[in-house]
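*Asks:*
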Amino acid sequence: MSAPLALAARVEQGHWPLDCPLWLLHRPGAPILSAKLWMRGGSGRDAPGERGAAQLLAGVLSRGCGPYSADALADLVEGCGAGLRCEAAEDATLISLKCASDDAATLLPLLLQMVRSPWLVEDQIALERQLNLQTLQRQREDPFQVAHDVLREQLYGSGPYGHDPLGVEAELRQLGRDALQRQVEQLGAQGAVLVLAGAIPDGVEQRLLAGLEGTTWAPRPPERRAGPPGLKAGGLATSPDETEQLVLMLGTTTTPLGAEQALALRLLHCHLGIGMSSRLFVALREEHGLAYDVGVHHPARLGDAPFVMHLSSSAERAVEATRELLNEWQRLLEQPISPEELELARAKFRGQEALGRQTSSQLADRQALVLGHGLPMAFADRSLEAAAQLTPEDLHRAARTLLTQPCLSLCGPATALRAAETQWQRHPLSASAA
Amino acid sequence: MVHIDLPQAPVVCLDFWCRAGSARETAAESGIAHFLEHMVFKGSERLAAGEFDYRVEALGGNSNAATGFDDVHYHVLMPPEASNDALELLLDLVLQPRLDAEDFDLERQVVLEELAQSEDQPEEVAFQELLRQACGSHAYGQPILGQRSALEAHRPEAMAQFHRRHYRPERCCLAIAGPTAALGGDLRQRLEHSRLGQLSPGDEEEPPPPPLALRPGEARLELPRLEAARLLMAWQLPGAADQRSVLGGDLLTTLLAEGRRSRLVERLRENLRLVESIDLDLNVLESGCLVLLEAVCETEQLPAVQREVRRVLLELQEQPPAEAELERARRLVGNGYRFSLEVAGSVAAMVGNSALWQRRHNLQAPLDWLQQWDGAALQRELVPLLAPERAFCLQAVPA
């Protein structure tokens, strides 16, 4: 159970003069290289009044940098059949490159060129801003997105995790070059790490550094530092929409990756939401036929990560769906899972680790995330070992500590909302919120 | 049975394929191929409902399935040391479904929820309407999930009959990819003694897939809950049996709409800024591949978007693509293919699907075809098939 999973044939630390750790995960075989530059400070560090700036900047970084105009850069990258993306998530801005190893020498300098000498052309900023605004608008077509956006506000208010990384429409509209320029200065200053995985050619350090082109970059190594908190306020929010189904999201804010009870909570996540033998799948879908999609959303975060159970069910079954979902949450607070259930959860946890290491990209992505959180390279393997020691009581304690005062966010037709609301009000979970 | 050894992969993928997609349904059977895929996981003669999932997941694996127009497949990802168990479980599950009446009624609810969920996504509704109008009575015009009224009327006996008719050894194949050493050398022998080997072939000839004849035309649709307008277009290319054309289609759609320097993206999104996004996907299908275009824009921009798409396509008819442009597309398609070979699941799916439809090329062949296409051949053979007047074009606008 606790034997370590193979990470890579050889793991070494690259040697370069920057305070941004560089890790090389050598995997022989396919001549493919994946690089992930993880820089702390994504949408969670958008300044007040500038929500959406991190993502806007991320989009603009690949629209001209170093010697390349937007067109020239696209020609270079696409001409190699490579993928180069930059995206902001809640905790970090991530630059990802995936290419044939033969093209690595040509493409690797781009990473630091994007960070240190982006062009930030007004016209390209205007285009990217317009695209982000349109995407925000289009997302409202999806009732899951609507319920999720509202839940996020319930959980984090106007705090750092309270908005979609794409931003808030009114604020995004105002963002221009100055705001982005201020952000560029900050890239890496809160902690950065670069991970390369795959068939890595010799001398990559020099190719990477070639991107500095006489400029300097002073990133800091990632440290363990507390991230944004949640509100822990509880409560109900409803969004009327003329849909067939009622979307239900029940969630709360919990704890950062690597924190005291995070592993116990991760095992609860596996128990509840991973695979077709998971508790929610069996109880809500197999036994009640209430939904097609059911699951748990619990991303790794630097701060108080959300832990959300979700499903969507026909409007006319709103009462049953709400009751069963609330009961599943309540059950976690009232009784520990069985030793057999814990054993199954552990197998899934391990299985997820193995499945998450299939490609060089996945490997680089996971390790960049772990290292970016200020955790050690061996974090995943240590977690597998530690999971073997946890008991049902440990998981129960974690549930009772962390899964208090959940919020319920609903999106659907008015009659279904009313029916669901009645169920919520008579349930002990809402009483605890009062 | 086909297997590909990927000694570096951390998991083995076992992928069972069967030519039992929705295209094999009669009108009364609407949705039964997909519903059956759900019911398969409800257990077999030897496995209780949920037992398969439990055993696979307790061994650290996972499983899933997908029903298409032409075929259905069931796949399991397993740690190598547990792959033997998975093999027995998978064959048992797929070939001997129990189709218990009570489970059937409950699972029908789940399928109806799946249908409702997709109906709440206006974009999916628009695509379904595009296919319905473009493909007419052909199965590709009908929803794989099925018509609600038909789903409500299905009975286990009819499903069992559909299963008997289509899950036959000559219409099935098993693909395995990953570190296969743990499976042992007597794989073929074991298969012959398994449920799969003991099945008797059907006595009736399987009719070939009915040909698709896409109808060009235009329509407009108002959809509630749509936030941005869509221009959707569909064209027909040669079917999957012509793999050289499939690669040509990949090249052409990449040249037109993959990346900022592709023609449609550059013109409509980057330069004229008419769209939020524009995509062109090649759907590889047996009766005829479908190229589907989706442009997302403001309602008032629709006429301009349609005009510019048309213009880009006509330009390509008049002038073959330049070598540099073609090379860019070759590299993108070639790397995309090479990247997918890293994953056991996608390798198993590729070789499984090929074997199922008796295409006997190896994994290198697509890369060779890619090199063989040049600008003149593309312009002569495939570009005319993407002419604007050959498309069905649907404008979906917010109600």
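Same order as they appear, the protein sequences are chains A and B. Letter 418 of the first sequence, counting from 1, is numbered 418 in the numbering used here, and no numbers are missing. Just so we're on the same page, the numbering used here is the position in the second sequence counted from 1, plus 1000. Ideal placement from N, C-alpha and C gives every residue a C-beta, glycine not left out. Here the structure is a predicted model, which means the values were calculated and not measured.
Does Q13 (chain A) pass the burial test, meaning 16 or more other C-beta atoms within 10 Å, or should it be called exposed?
*Replies:* Q13 (chain A) should be labelled exposed.
*Asks:* Which residues, taken in chain order from the stretch 1054 to 1075 of chain B, show a beta carbon closer than 9 Å to some beta carbon of chain A?
*Replies:* If the cut-off is 9 Å between Cβ atoms, the stretch 1054 to 1075 of chain B has Y1054, R1055, V1056, E1057, A1058, L1059, G1060, G1061, N1062, S1063, N1064 near chain A.
*Asks:* On the premise that P336 (chain A) lies in contact with L408 (chain A), defined as a C-beta separation below 8 Å, what is that separation, rounded to the nearest angstrom?
*Replies:* The pair is not a contact, with the Cβ atoms about 24 Å apart (cut-off 8 Å).
*Asks:* Using 7 Å as the cut-off, classify the Cβ of M1078 (chain B) as near or not near the heavy atoms of the ligand SAM, replying yes or no.
*Replies:* Looking for the ligand SAM in the displayed structure turns up nothing, as the structure carries no ligands at all.
*Asks:* Give a yes or no on whether 8 Å exceeds the smallest Cβ distance from R138 (chain A) to chain B.
*Replies:* Closer than 8 Å: yes.
*Asks:* Name the residue from A:T93, A:T216, A:I32, A:R350 whose alpha carbon lies nearest to the alpha carbon of W38 (chain A).
*Replies:* The candidate whose alpha carbon is nearest that of W38 (chain A) is A:T93.
*Asks:* With C1173 (chain B) and W1373 (chain B) assumed to form a contact (beta carbons below 8 Å), what rounded beta-carbon distance in angstroms separates them?
*Replies:* The Cβ separation is near 29 Å, so there is no contact.
*Asks:* Contact criterion: CB-CB distance below 8 Å. Does R1123 (chain B) meet it with respect to chain A?
*Replies:* First, the amino acid is wrong: residue 1123 (chain B) is Glu here, not Arg. Yes, contact with chain A.
*Asks:* Does the beta-carbon distance from R1098 (chain B) to G1043 (chain B) come in below 8 Å?
*Replies:* Cβ atoms of R1098 (chain B) and G1043 (chain B): closer than 8 Å.
*Asks:* Under the rule that 16 or more other beta-carbon atoms within 10 Å means buried, what is E185 (chain A), buried or exposed?
*Replies:* Exposed.
*Asks:* Between F1392 (chain B) and chain A, is there a C-beta pair that is closer than 8 Å?
*Replies:* No, its Cβ sits nowhere closer than 8 Å to a Cβ of chain A.
*Asks:* Of all the CB atoms in chain A, is at least one closer than 8 Å to the CB of V1343 (chain B)?
*Replies:* Answer yes: the Cβ-Cβ gap between V1343 (chain B) and chain A drops below 8 Å somewhere.
*Asks:* Consider the Cβ of R1263 (chain B): report whether some Cβ of chain A lies at a distance smaller than 8 Å.
*Replies:* It does not; no Cβ of chain A falls within 8 Å.
*Asks:* Let me make sure I understand the geometry here. Which of B:A1377, B:L1302, B:L1247 has the alpha-carbon closest to that of R1331 (chain B)?
*Replies:* Residue B:L1247 is the option with its Cα nearest to R1331 (chain B).
*Asks:* What in chain B is Cβ-close to D293 (chain A), meaning under 7 Å?
*Replies:* Those within 7 Å of D293 (chain A) in chain B are Q1117.
*Asks:* Along the stretch 248 to 266 of chain A, where does the CB come closer than 7 Å to a CB of chain B? Name the residues.
*Replies:* Cβ contacts with chain B: none found.
*Asks:* Is there a C-beta anywhere in chain B that falls below 8 Å from the one on V195 (chain A)?
*Replies:* Answer no: the Cβ-Cβ gap between V195 (chain A) and chain B never drops below 8 Å.
*Asks:* Quick one: does E1300 (chain B) have its CB under 8 Å from some CB of chain A?
*Replies:* False, the Cβ-Cβ gap to chain A never drops below 8 Å.
*Asks:* Give me the chain A residues within the contact set of D1120 (chain B), using Cβ-Cβ distance strictly less than 7 Å, ordered along the chain.
*Replies:* The contacting residues are P143, T243, E244, Q245.
*Asks:* So within the stretch 125 to 158 of chain A, which uninterrupted alpha helix (DSSP H) runs reach at least 4 residues, ignoring any that extend past its ends?
*Replies:* For the stretch 125 to 158 of chain A, whole alpha helix (DSSP H) runs of length 4 or above, ordered along the chain, are 143 to 156.
*Asks:* Does chain A have any CB closer than 8 Å to the CB of R1148 (chain B)?
*Replies:* It does not; no Cβ of chain A falls within 8 Å.
*Asks:* Can you give me the Cβ contacts of A1228 (chain B) inside the same chain, cut-off strictly under 6 Å, excluding the 5 residues immediately before and after it?
*Replies:* Result list for A1228 (chain B): V1296, in chain order.
*Asks:* Provide the residue span of the alpha helix (DSSP H) that contains G235 (chain A), from first to last.
*Replies:* Not the alpha helix (DSSP H): G235 (chain A) falls in the beta strand (DSSP E), residues 235 to 240.
*Asks:* How long is the line joining the alpha carbons of S34 (chain A) and G198 (chain A), rounded to whole angstroms?
*Replies:* Their Cα atoms are separated by approximately 6 Å.
*Asks:* Residues of chain A with CB under 8 Å from E1107 (chain B), in chain order?
*Replies:* Near E1107 (chain B) (Cβ distances below 8 Å), the residues of chain A are G289.
*Asks:* Could you tell me whether any Cβ in chain B is nearer than 8 Å to the Cβ of G81 (chain A)?
*Replies:* Yes - at least one Cβ of chain B is within 8 Å of the one on G81 (chain A).
*Asks:* Is T1067 (chain B) helix, strand or coil by DSSP?
*Replies:* In this structure, T1067 (chain B) counts as strand in the three-state DSSP scheme.
*Asks:* Give me, in chain order, the residues of the same chain whose beta-carbon lies closer than 8 Å to that of H1075 (chain B); leave out the 5 immediate sequence neighbours on both sides.
*Replies:* Closer than 8 Å at the Cβ level, and outside the excluded window around H1075 (chain B), lie C1013, L1014, D1015, F1016, S1063, N1064, A1065, G1345, A1348, A1349.
*Asks:* Can you name, in chain order, every residue of its own chain whose Cβ lies under 7 Å from the Cβ of L1285 (chain B), other than the five neighbours on each side?
*Replies:* F1069, D1070, Y1140, G1239, A1240, listed in sequence order.
*Asks:* With a threshold of 8 Å between beta-carbons, can L1226 (chain B) be considered close to chain A, or not?
*Replies:* Yes, contact with chain A.
*Asks:* Distance cutoff 8 Å, beta carbons only. Does A1009 (chain B) sit that close to anything in chain A?
*Replies:* A1009 (chain B) counts as touching chain A.
*Asks:* Quick check: the stretch 308 to 321 of chain A against the stretch 399 to 419 of chain A, are there 3 or more CB pairs under 8 Å?
*Replies:* Contact holds: three or more Cβ-Cβ distances are below 8 Å.
*Asks:* Run through chain B and tell me which residues come within less than 9 Å of T106 (chain A), C-beta to C-beta.
*Replies:* Result: empty, since nearest Cβ-Cβ is about 12 Å, beyond 9 Å.
*Asks:* Within the continuous beta strand (DSSP E) that includes Q1395 (chain B), where are the two ends?
*Replies:* Unbroken beta strand (DSSP E) run through Q1395 (chain B): 1392 to 1398.
*Asks:* Look at the Cβ atom of G1197 (chain B), then the Cβ atom of E1170 (chain B), and state whether they are nearer than 8 Å.
*Replies:* Cβ distance not < 8 Å, so G1197 (chain B) and E1170 (chain B) don't count as in contact.
*Asks:* Taking 8 Å as the CB-CB cut-off, is R956 (chain B) touching chain A?
*Replies:* Any question about residue 956 (chain B) goes unanswered here, given that chain B covers just 1001 to 1399.
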